[in-house]
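Per the numbering used here, the sequence shown starts with residue 1, numbered consecutively.
By construction, the Cβ of each residue, glycine as well, lies at the ideal position given by its N, Cα and C atoms.
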Amino acid sequence: MTILTVGFACLDLLCFTSSSLEQNGSITSDNFVHCGGGSCANTAYLLALWGEDIYHIGHLNNDHHGNQIETELANVGVNTRQFIFSEKMITPLEAITIDEQSNTYSIISHRLMQPPKLTITEKDKLAHFIRTVSENKHEIVMLADGYEAELSEYLIEHLPKVKVIMSVDNLSANSLYLAQQADYLIVTEQFASAFVKLKAFYNSEQIKNALKKLRNLTNGKIIIRMYNKDCVYLDHQQVVIISGFNKQTADNITENDIFQGAFTYGISYGWPLAKTILFANLAIAAANNQKRGRSAMPNLVDINLAGKDLIKDFKYFF
């Protein structure tokens with residue numbers, strides 16, 4: 001199995017606080033984390049930790065920060081040879097403040113709204129990569145976040161039998177095509193409720209209606225991640241709920257990246273959807289809540305131990 005993550009990669013400065021920021025005020029924090037970030041890049045990092053054959057593809061500038069991002073991924077085992085280094089690209093930088101009491105966050109992002117257009121030379125490089133991975137006869141699973149829309153579209157159009165997973169909390173015009181091509185579309189409860197013009201969901205009928213209307217975006221399976229950590233989807237017109245675990249975990253940003261990484265892992269091994277979501281929820285519960293960012297990500301042993309601790313008559317995943 002070959003897994004591709006196609007999307008946003010950046011350099012993060014995470015600042016963890018215990019009180020809300022006030023206008024024109026200042027607070028102190030002893031807990032800073034400086035590391036690579038970006039949702040798709042974090043997923044690639046996690047899957048490399050788990051020993052998967054994983055490629056991350058996206059744009060960076062060939063500057064100090066871009067090289068730092070690429071090196072961190074390569075050192076953990078991500079294949080980074082398909083990164084596109086472009087002088088027209090600004091290497092994304094993000095400053096993230098996370099309130100540990102409310103588990104809310106604010107992001108200040110320095111980046112292009114969309115990457116540069118692919119050049120003929122870059123398309124030739126991608127075509128060579130596509131021929132190489134196609135010759136391996138492995139099934140290919142691709143996770144896209146919508147940031148690298150043109151790049152993702154090119155890969156979908158030219159890769160044979162690729163399974164596409166898309167995880168979004170907002171949907172831009174550039175990513176509409178990708179959503180239509182997705183086999184699995186993962187959205188937040190906030191996104192789903194806003195899509196059907198509700199402030200929140202109050203019953204299962206509203207959720208069912210939202211899942212039906214979200215079909216306008218994709219022909220694939222739609223999964224809504226709820227605020228309470230449950231996940232819901234439709235099966236034969238019935239709402240299926242896969243319960244989450246009310247356990248203190250890492251921050252919301254890391255939690256999302258762990259979920260989509262574990263979800264991609266399950267799909268790549270051909271697991272049923274219910275088992276895949278349960279595994280992803282357990283992966284969140286297994287995160288190290290004493291650490292932050294990528295260092296909080298669990299290994300496979302951690303997830304099995306979490307399952308044994310949280311689920312009666314638990315059967316090991318591997």
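query, result
"Just tell me which of ILE130, LYS163, GLU148, GLU153 has its CA closest to the CA of ILE140.", "LYS163"
"Give the secondary structure of ARG292 by DSSP, where H, G and I count as helix, E and B as strand, and everything else as coil.", "coil"
"Check for me: the beta strand (DSSP E) holding VAL78 runs from which residue to which?", "That residue, VAL78, is in no beta strand (DSSP E); it is neither H nor E in DSSP."
"Report the residue ranges of all beta strand (DSSP E) runs contained in full by the region 90-140; include only those spanning at least 3 residues, in chain order.", "93-99, 104-110"
"Could you pull out every residue in the same chain whose Cβ sits closer than 6 Å to the Cβ of GLN238, ignoring the five residues on either side in sequence?", "none"
"How should GLY293 be labelled, buried or exposed, when 16 other C-beta atoms within 10 angstroms of its C-beta is the threshold for buried?", "buried"
"Quick one: what's GLY307 bridged to in DSSP?", "DSSP lists no partner for GLY307."
"Can you tell me whether DSSP reads HIS34 as helix, strand or coil?", "strand"
"Mind checking ASN354: buried by the 16 CB within 10 Å criterion, or exposed?", "Lying outside 1 to 318, the shown extent of the chain, residue 354 is not represented and no answer is given."
"If you drop the 5 nearest sequence neighbours on each side, which residues of the same chain put their C-beta closer than 6 Å to that of SER167?", "ILE186, GLN260"
"Using a threshold of 7 Å, is the CB atom of GLN180 nearer than that to any non-hydrogen atom of the ligand MN?", "With respect to small molecules bound, the structure shown includes none, and the ligand MN cannot be examined in it."
"Between HIS158, ILE258, GLU148, which lies nearest to SER134 when the distance is taken from Cα to Cα?", "HIS158"
"With burial defined as no fewer than 16 other Cβ atoms inside 10 Å of the residue's Cβ, what is the status of THR43: buried or exposed?", "buried"
"When the Cα atoms are used, what is the spatial distance from LYS275 to GLY266?", "8 Å"
"Pick out the complete alpha helix (DSSP H) segments inside the region 221-262, 4 residues or longer, and give them in chain order.", "none"
"Is the distance from the Cβ of ASN79 to the Cβ of TYR55 below 8 Å?", "yes"
"Who does ALA173 pair with in a DSSP beta bridge?", "Answer is none; ALA173 lacks a bridge partner."
"Where does the unbroken alpha helix (DSSP H) through PHE191 begin, and where does it stop?", "189-195"
"With a CB to CB cut of under 6 Å and the five nearest residues on each side skipped, what residues in its chain are close to CYS231?", "ILE223, ARG225, ILE242, ILE277"
"Out of curiosity, what's the CA-to-CA distance linking MET325 and ALA74?", "Nothing in the structure corresponds to residue 325, since the chain is present only between 1 and 318."
"For PRO116, collect the residues of the same chain with a Cβ closer than 7 Å to its Cβ; drop the 5 residues on either side in sequence, then sort them by chain order.", "HIS59, SER86, LYS88, MET89"
"Return the Cβ separation of ALA287 and PRO298 in integer angstroms, given the expectation that the two are a contact with Cβ distance under 8 Å.", "5 Å"
"Could you check if PRO160 is buried or exposed, using at least 16 other CB atoms within 10 Å of its CB as the buried criterion?", "exposed"
"Quick check on GLY7: buried or exposed, where buried means 16 or more other Cβ atoms within 10 Å of its Cβ?", "buried"
"Roughly how many angstroms separate the alpha carbons of ASP183 and ALA144, rounded to a whole number?", "11 Å"
"Between which two residues does the alpha helix (DSSP H) carrying LEU46 extend?", "39-49"
"With H, G and I counted as helix, E and B as strand and the rest as coil, what does DSSP make of THR71?", "helix"
"Indicate the three-state DSSP secondary structure (helix, strand or coil) for ALA287 in the structure shown.", "coil"
"Where do the ends of the alpha helix (DSSP H) carrying VAL152 lie?", "Reading off the sequence shown, one finds Ser at residue 152, where the question assumed Val. SER152 -> alpha helix (DSSP H) spans 149-158."
"Short check: CB of LEU151 to CB of ILE57, under 8 Å?", "yes"
"Based on the DSSP output, what are the partners of MET166 in its beta bridges?", "ALA144, LEU185"
"Would you kindly work out how many angstroms separate the C-alpha atoms of PRO92 and SER109, rounded to a whole number?", "7 Å"
"Taking the beta carbon of ASN304 as the centre, do at least 16 other beta carbons fall within 10 Å, making it buried, or is it exposed?", "buried"
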